[in-house]
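Sequential numbering of the sequence shown, starting at 329, is according to the numbering used here.
I have placed the structure first, in the form of C-alpha cells, so that the comments after it can refer back to it.
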Amino acid sequence: MSVAVSPNASGFGAAITGVDLKKPLPEAAQQAIRDAWFAHGVVWFPNQPLEHADLERVTGYFGPFGQDPFVKTMDDHSHIIEVRRQPRERASVFGAAWHSDWSFLPTPPAATLLHAKIVPSTGGDTLFADGAAAYDALDPDMQRKLRSLRAVHSAAGPYAPEGFYANEGEQRSMKILPSADARKRHLHPVVRVHPGTGRPTLFVNRVYTVAIDGLDERESKALLEFLASHTTQERFVYRHVWSKDMLIVWDNRRVQHCATGGYDGQERLMHRTTVAGEVPQAA
Ligand code: SIN
Numbered sequence: 329m330s331v332a333v334s335p336n337a338s339g340f341g342a343a344i345t346g347v348d349l350k351k352p353l354p355e356a357a358q359q360a361i362r363d364a365w366f367a368h369g370v371v372w373f374p375n376q377p378l379e380h381a382d383l384e385r386v387t388g389y390f391g392p393f394g395q396d397p398f399v400k401t402m403d404d405h406s407h408i409i410e411v412r413r414q415p416r417e418r419a420s421v422f423g424a425a426w427h428s429d430w431s432f433l434p435t436p437p438a439a440t441l442l443h444a445k446i447v448p449s450t451g452g453d454t455l456f457a458d459g460a461a462a463y464d465a466l467d468p469d470m471q472r473k474l475r476s477l478r479a480v481h482s483a484a485g486p487y488a489p490e491g492f493y494a495n496e497g498e499q500r501s502m503k504i505l506p507s508a509d510a511r512k513r514h515l516h517p518v519v520r521v522h523p524g525t526g527r528p529t530l531f532v533n534r535v536y537t538v539a540i541d542g543l544d545e546r547e548s549k550a551l552l553e554f555l556a557s558h559t560t561q562e563r564f565v566y567r568h569v570w571s572k573d574m575l576i577v578w579d580n581r582r583v584q585h586c587a588t589g590g591y592d593g594q595e596r597l598m599h600r601t602t603v604a605g606e607v608p609q610a611a
C-alpha cells in the first residue's frame with residue numbers, strides 16, 4: 329500500500345489513491361495523507377465504501393471530533409450528521425451558500441469529512457474556494473490593512489429562532505435545531521495563519537461573518553462584500569463532482585465551501601463529521 333497524491337493543476341485540491349480506508353492505516357500513511365491535506369486544502373478518496381465505524385476511525389487520523397451545533401446527529405453515532413435531501417424535498421439545499429464550517433465557534437473545526445452514500449446522476453457538486461491563494465493575490469496595502477482587522481462571526485442568520493432554517497416553511501429531511509445560542513457573536517482575525525503551514529489565509533465568509541469589528545456598517549458591509557466576491561472568483565474555486573463512496577476532507581482554516589443543487593427529483597445522502605480545531609491566530 330502506498331499513498332498516491334494527484335493534485336489539480338492549480339495545486340488546490342488533490343485525489344488520493346492507493347489506500348483502503350476500511351482498514352486501519354499505519355502512522356506513515358496517515359502522515360502522508362495529512363501532508364497532502366495541508367498542501368492542497370481539499371483531498372478526496374474515490375471508491376471507499378465506508379461503514380460508520382470506518383468514517384469515525386478515518387476522522388481520527390486528522391484529530392479529535394469537533395463540536396456540531398444546531399444540526400441533529402445520528403441517534404447511535406453522535407459525531408455523524410446525515411446531509412440528506414429527498415427526491416420530493418422543496419427545502420433549500422443545505423449549505424448552499426459560501427461558508428467555512430461553524431466559523432462562529434470560539435474554536436472552529438479544523439477539518440470536515442463528507443462521505444457520499446447516495447449521489448444524484450446530475451447536480452449536487454460541492455464548490456471549494458482557496459482562502460490562502462485569495463489572500464496571496466491581494467495587493468500588499470490591502471493585505472496589511474486586513475491583517476489589522478477582526479471580524480464578527482455569528483450563527484444567527486441560519487440557526488437563531490428567527491433565522492432562516494427555523495422559518496423556511498418547507499419540510500426538510502435533516503433535523504435542524506434552532507437556538508437562541510446562535511445569536512452569540514465571536515471575534516476572529518480577518519487573516520488567520522494556518523497552524524500547519526504558516527500560510528496566511530482569509531477567514532471571513534458570507535454566511536457567518538456579520539461585520540468587521542470597529543468599522544461603521546457601510547464600510548463593514550462593503551469590505552465583506554469585496555472579500556466574499558474576491559475569494560469566490562473562478563480562479564480560486566475548485567468544483568468537486570461526486571461519485572458514490574467517495575470521501576472528501578477539507579481544511580476549514582483555509583477553505584470555504586458551498587453546496588449546489590440541480591438534482592430535484594433525486595435523492596442525495598452524505599455522512600459528515602468534523603475535526604476539532606484551535607483558536608484562530610492572526611497572521
Ligand atoms: C456542507 O456544507 O457541509 C454540505 C456540503 C455538501 O453537501 O455538498
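The beta-carbon is built from N, C-alpha and C at its ideal position, and this holds for glycine as well.
Owing to the predicted nature of the structure, the values given are computational and were not obtained by experimental measurement.
Next item on the list: Taking only runs that begin and end inside the segment 518-561, name each unbroken alpha helix (DSSP H) of 4 or more residues, in chain order.
Entry: As far as the segment 518-561 is concerned, its whole alpha helix (DSSP H) runs of at least 4 residues are 545-559.
Check: If you compare alpha carbons, which of Pro397, Glu379, Pro506 is closest to Asn495?
Finding: Locating residue 495 in the sequence shown gives position 167, where the first residue counts as 1. Checked all of Pro397, Glu379, Pro506; the closest Cα to Asn495 is Pro506.
Margin query: Less than 8 Å between the C-beta atoms of Ser482 and Val538, yes or no?
Written below: Your numbering for residue 482 matches position 154 in the sequence shown. Your numbering for residue 538 matches position 210 in the sequence shown. In this structure, Val538 lies closer than 8 Å to Ser482 by Cβ.
Next item on the list: Answer yes or no: the CB of Thr292 versus the heavy atoms of the ligand SIN, is any distance below 7 Å?
Entry: Residue numbering for the chain in the displayed model covers 329 to 611; residue 292 lies beyond these limits and cannot be assessed.
Notebook entry, point to check: Taking a cut-off of 5 Å, which residues have a beta-carbon closer than that to any heavy atom of the ligand SIN, in chain order?
Noted result: Working through the chain, the matches are Val411, Gly423, Thr454, Ala587.
Notebook entry, point to check: His599: beta carbon under 7 Å from a heavy atom of the ligand FAD?
Noted result: This structure does not include the ligand FAD; its bound ligands are the ligand SIN.
Note to self: One question on the structure: do Val577 and Phe393 come within less than 8 Å of each other, judged by their Cβ atoms?
What the structure shows: Stepping through the sequence shown from its first residue, residue 577 is reached at position 249. Stepping through the sequence shown from its first residue, residue 393 is reached at position 65. Taking 8 Å as the Cβ cut-off, Val577 and Phe393 do not qualify as a contacting pair.
Check: How would you write the range of the beta strand (DSSP E) that Phe456 sits in, first residue to last?
Finding: Here the question's residue 456 lines up with position 128 in the sequence shown. Its beta strand (DSSP E) spans residues 454-458.
Check: If you draw a straight line from the alpha carbon of Gly667 to that of Ser557, how long is it in whole angstroms?
Finding: With the chain represented from 329 up to 611, any question about residue 667 goes unanswered, as that position is not in the structure.
Check: Alpha carbon to alpha carbon, how far is Gln561 from Ala479?
Finding: If you number the sequence shown from 1, residue 561 lands on position 233. If you number the sequence shown from 1, residue 479 lands on position 151. Their backbone Cα atoms lie some 21 Å apart in a straight line.
Check: Looking only at C-alpha atoms, which of Tyr591, Leu530, Gly346, Tyr566 sits nearest to Pro608?
Finding: Against the sequence shown, residue 608 aligns to sequence position 280. Pro608 has its Cα closest to that of Leu530, out of Tyr591, Leu530, Gly346, Tyr566.
Next item on the list: Run the CB neighbour count on Pro517, radius 10 Å, all protein chains shown included, and call it buried at 16 or more, exposed below.
Entry: Here residue 517 corresponds to residue number 189 of the sequence shown, with the count starting at 1. Result: buried.
Check: Alpha carbon to alpha carbon, what distance is there between Asp348 and Trp372?
Finding: In the sequence shown, residue 372 corresponds to position 44, counting from 1. In the sequence shown, residue 348 corresponds to position 20, counting from 1. Going from the Cα of Trp372 to the Cα of Asp348 covers about 13 Å.
Margin query: So, for Arg475: in the same chain, excluding its five sequence neighbours on each side, which residues have a beta-carbon less than 6 Å away from its beta-carbon?
Written below: Here residue 475 refers to the residue found at position 147 when the sequence shown is read from its first residue. Once the five neighbours on either side are set aside, the close Cβ partners of Arg475 are Val519, Ala611.
Next item on the list: Work out the CA separation of Asp453 and Arg567 for me, nearest whole Å.
Entry: Your numbering for residue 567 matches position 239 in the sequence shown. Your numbering for residue 453 matches position 125 in the sequence shown. Cα-Cα distance, rounded: 7 Å.
Checklist line | Sequence-distant residues of its chain with Cβ nearer than 7 Å to Thr401 (five each side left out) | finding: Here the question's residue 401 lines up with position 73 in the sequence shown. These residues qualify, in order along the chain: His407, Ile408, Ile409.
Notebook entry, point to check: Where in the segment 375-433 do unbroken runs of the beta strand (DSSP E), each at least 3 residues long, occur, reported from the N-terminal end onward?
Noted result: 409-413
Notebook entry, point to check: Distance, Cα to Cα, Glu490 vs Arg418?
Noted result: If you number the sequence shown from 1, residue 490 lands on position 162. If you number the sequence shown from 1, residue 418 lands on position 90. About 20 Å.
Next item on the list: Just list the alpha helix (DSSP H) runs in the segment 428-515, keeping only unbroken ones of 4 residues or longer that don't cross its boundaries, in chain order.
Entry: 459-464, 468-475, 484-487
Item checked: According to DSSP, residues forming a beta bridge with Met598 -> Here residue 598 refers to the residue found at position 270 of the sequence shown. Note: Met598 sits in a beta bridge opposite Val411, Ala444.
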